[in-house]
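Read top to bottom, the protein sequences are chains X and G. 1 is the number of the first residue of the first sequence in this note's numbering; add one for each residue after it. 1001 is the number of the first residue of the second sequence in this note's numbering; add one for each residue after it. In this text, a Cβ means the ideal position worked out from N, Cα and C, and glycines have one as well. Quick caveat, the model's predicted, so the values are computed rather than measured.
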Amino acid sequence: MIYGLIAVGYTMVYGIVGMINFAHGDIFMVGSFLSLIALLSLASLGITAVPLALALTLLFAAGLAALYGWTVERVAYRPLRGSFRLAPLISAIGMSIVLQNFVQVGQGARVKPMNALLPGGVELMNDEGFAVQLSWMQIAIVATTLIVLAAFTWLVTKTPLGRSMRACEQDLKMAGLLGIDTDRTISLTFVIGAALAAVAGLLFLLYYGVIDFFIGFLAGVKAFTAAVLGGIGSLPGAVLGGLLIGLIEVFWSAYFSVEYKDVAAFAILILVLIFRPSGIMGRAEVEKV
Amino acid sequence: MKSALRDACLSAAIALGLFAPMVGLVLDNGDQGLVLRGRPIAAAVLVALVFVGRFGMHLWADRPGKEARAIRASRVVPAGVNKFVAPILLGAAIMLPLTGSRYYVDLGTLVLTYVMLGWGLNIVVGLAGLLDLGYVAFYAVGAYAYALLAETFGLGFWTCLPLAGILAAFWGVLLGFPVLRLRGDYLAIVTLAFGEIIRVLLINWVSLTHGPNGIGDIPRPTLFGLRFGMDDGDDTFAGFFGIEPQTVHRVIFLYYLIFALALLTNWVTLRLRRLPLGRAWEALREDEIACRSLGINVTNTKLTAFATGALFGGLAGAFFATRQAFVSPESFTFIESATVLAIVVLGGLGSQLGVALAALVMVGGLEMLRDLLSTIGEQMGSALFSGLAGDLPTYRMLIFGLALVVMMVLRPRGLVSGRTATAVLR
């Protein structure tokens, strides 16, 4: 689910600008740090009611991460638009290094643990002491993801902004000619993608309880895998891909070996790209000369 | 003036949003879990810096004589410069060990390793136009091939060097096969995944690679059978020539070794570029469909590009292993791939001289920066920077990343824009 949220950001940016936003995983990491900071500040201000604190944190983290996303786009990508293909990629890698080390320098290299906010859960089955439990946390994650994705789908399909985003995705130049402010649309795409990544960061923090400055890289690559698996450019595909990648990892860890779960994810990426490059829900790219 | 001020205020406001939580508040690992600590001064300083910087940038850009500068800036480096710079660099590289400073020779060895890696990757990215983000995998294969062969079979460096190269080339073909149909960014992400797979394998295949502990005691190279030891035996370098044994001999020998390897890479590349194969690579970079229509075997061309690039990566890896006498998966992270790719792109994609210059600037500069920062840190104490966590050397990678972005924005075509085809129809 978390991969799905990050993957949506990748898919959107890739669909419109046609570049891999390497810094996206690091925005996710920044988002989870922002969440942790917000949670602690709220706790010190005396707001301890869990739903209220979570809602405020969500707004805070998403808003500021969106600001980060906007800045990254403005500083590192916009000047390079129209340049040759490799330039924004290198610049994105540079930005990813900057964000990682910015957080490392600013917040220290040690892992940051956090106590569980929502202990307990619902017992689904109890068979001679082996309980199958669904924790509140898991329910909260699924619920948040669904709400956020629903809001997001509405945004893309029903609002004027969503329409111009889809137009830019189909043909950037033509959309510009028809009077759409493409720069603004691309900026907003980055903003929305970053906000979604921040939500994912918050959920990651809540679920695992431990974050450090390096979580972004692996999460980013896996989310990209999810986006490719689902068919790049397709939003439901990204969510589906995220789910599949998560499931594959969990089952691989359960049945084979935990150590090689990253290999499993990457191997799937390679297999998908070889046999079905357009992904599960993507449309085949038509090659024009 | 007014708009400049307004823009600077806006930038400062954004910077406040960016820095206030991330720099102004720190998560400290206390005894009772995390503690939040305020650090308003550091954040304020950063915001003020952004304000002043942005304001200054406007004033700078608006000063008179704008058009004249734009014309001057658009002028490219004249082609004649290549004729002077290359021999000077070469001469400097040959003379470097004569300074006798171990620090500079070590630094030179490091830079030359990256020059070699850059030239190797240049074949794949610069000539054939295949974006490879997992180049470090071949570097790792070469290093581990030498380490394992030496450990298991007791083979020496000179036997293993070609073997490591061949093995890496083999892996290059292995990676090349599945990704032949991919192009552009998909290719990049698959090669990235491949690099990560190799690293995860190295970490987890403990019975073969000793996992994260790495392999130590890798034998050092010999010069025609002469060891570089500290004793006076007849089979040591010092004993044979009857000179005082010094550790610096080996350092200088390693330096010339990588120098020779790098020159070999360069020579092979320059030769290959004149062969039909090299021309096919460049044609492939420019237009794959046209290539196919003209009857060039795209499959073979891509595979040879991967294999040749991987071969040199493997050679460099074997050198790395023998220089460090120790290899571990730690050395082969994505950052290495990114650094080498950045060197190639900054070098101007396909320009041999550009790659060498970029490696010098990036790797040499980075190392110099580390030492510079640590001396500054010692001199000033931590009085000024007590507000910021960590000592100055940790800022190295931050500056590296910023430099990447800034260089890309200012000169997207690289330091030396040498993307000229070798063969041009006249």
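| task | Figure out for me which residue from X:Y207, X:L149, X:T225 and X:V239 has the closest Cα to the Cα of X:W322. | result | The question about residue 322 of chain X has no answer, for chain X in this structure spans 1 to 289.
| query | How would you call G:G1108, buried or exposed, if buried means at least 16 neighbouring beta carbons within 10 angstroms? | reply | buried
| field | Among G:G1142, G:A1193, G:A1150 and G:T1191, the one whose alpha carbon lies nearest that of G:F1170 | value | G:G1142
| request: Thinking G:A1145 and G:L1117 are a contact (beta carbons under 8 Å), I'd like their distance in whole angstroms, please. | output: Rounded, the Cβ-Cβ distance is 16 Å, inconsistent with contact.
| said: I need the DSSP call for G:I1218, collapsed to helix, strand or coil. | reply: coil
| field | Beta-carbon neighbours of X:N101, restricted to chain G and to distances below 7 Å | value | M1397, L1398 and G1401
| query | Is X:S135 close to chain G, meaning its C-beta is less than 8 Å from at least one C-beta of that chain? | reply | no
| In the structure shown, what three-state DSSP assignment does G:F1051 receive? | helix
| Under the three-state reduction of DSSP, which class applies to X:I211: helix, strand or coil? | strand
| query | Roughly how many whole angstroms lie between the Cα atoms of X:A61 and G:A1013? | reply | 17 Å
| Which residues in the same chain as X:I180 place their Cβ atom closer than 8 Å to its Cβ, once the five residues preceding and following it in sequence are excluded? | S164, A167 and C168
| said: Please classify G:Q1352 as buried or exposed, where buried requires at least 16 other C-beta atoms within 10 Å of its C-beta. | reply: buried
| Is the CB-CB distance between G:T1099 and G:F1320 below 8 Å? | no
| message | Can you give me the C-alpha to C-alpha distance between G:L1110 and G:A1325, rounded to a whole angstrom? | response | 15 Å
| query | What residues match up with X:K112 in a beta bridge as DSSP calls it? | reply | X:I211
| Closest to G:P1097 by CA distance: which of G:I1258, G:S1207 and G:A1004 is it? | G:I1258
| Closest Cβ-Cβ distance between X:V269 and chain G: below 8 Å? | The question names Val, but residue 269 of chain X is Leu in the sequence shown. Interface residue, yes.
| task | Starting from the C-beta of G:F1332, find all residues in its chain whose C-beta is less than 6 Å away, skip the five residues before and the five after it, and write them out in chain order. | result | V1136, A1140 and R1199
| said: Does the contact criterion of 3 or more C-beta pairs under 8 Å hold for the region 1354 to 1374 of chain G versus the region 1148 to 1157 of chain G? | reply: no
| said: As a quick exercise: from X:A227, X:A23 and X:Y260, pick the residue whose alpha carbon is nearest that of X:L299. | reply: Since the first residue shown for chain X is 1 and the last is 289, residue 299 of chain X is missing from the structure and cannot be characterised.
| From X:A140 to X:I248, what distance separates their C-alpha atoms? | 22 Å
| query | In whole angstroms, what separates the C-alpha of X:L39 from that of G:A1008? | reply | 31 Å
| task | Starting from the C-beta of X:Y104, find all residues in its chain whose C-beta is less than 6 Å away, skip the five residues before and the five after it, and write them out in chain order. | result | Looking at the sequence provided, one finds Gln at residue 104 of chain X rather than Tyr. Excluding sequence neighbours, X:Q104 sits near F213.
| said: Less than 8 Å between the beta carbons of G:A1310 and X:F266, yes or no? | reply: no
| Can X:L172 and X:T157 be called in contact, C-beta distance under 8 Å? | no
| task | In angstroms with no decimal places, state the Cα-to-Cα distance between G:Y1395 and G:R1292. | result | 48 Å
| Curious, which full-length alpha helix (DSSP H) runs of at least 4 residues does the region 175 to 228 of chain X contain? | 182 to 208
| Under 8 Å from the C-beta of X:G242: neighbouring residues of chain G | None at all; the shortest Cβ gap to chain G is about 16 Å.
| message | To the nearest angstrom, how far is the alpha carbon of G:A1283 from that of G:K1302? | response | 11 Å
| query | For the 8 Å Cβ check, are there 3 or more pairs between the region 1363 to 1376 of chain G and the region 26 to 46 of chain X? | reply | no
| field | Interface flag, X:G230 vs chain G, CB-CB below 8 Å | value | no
| query | Mind pulling the chain G residues with CB within less than 9 Å of X:G94? | reply | A1338, A1342, F1400, G1401, L1402, A1403, L1404, V1405, V1406, M1407 and M1408
| request: Just tell me which of X:T71, X:I6 and X:L36 has its CA closest to the CA of X:R184. | output: X:T71
| task | Using beta-carbon positions only, say whether X:Y260 and G:N1204 come within less than 8 Å of one another. | result | yes
| message | Can you find the residues in the same chain that come closer than 7 Å, C-beta to C-beta, to G:G1120, ignoring five residues on each side of it along the sequence? | response | T1265, G1309, F1312, G1313 and A1316
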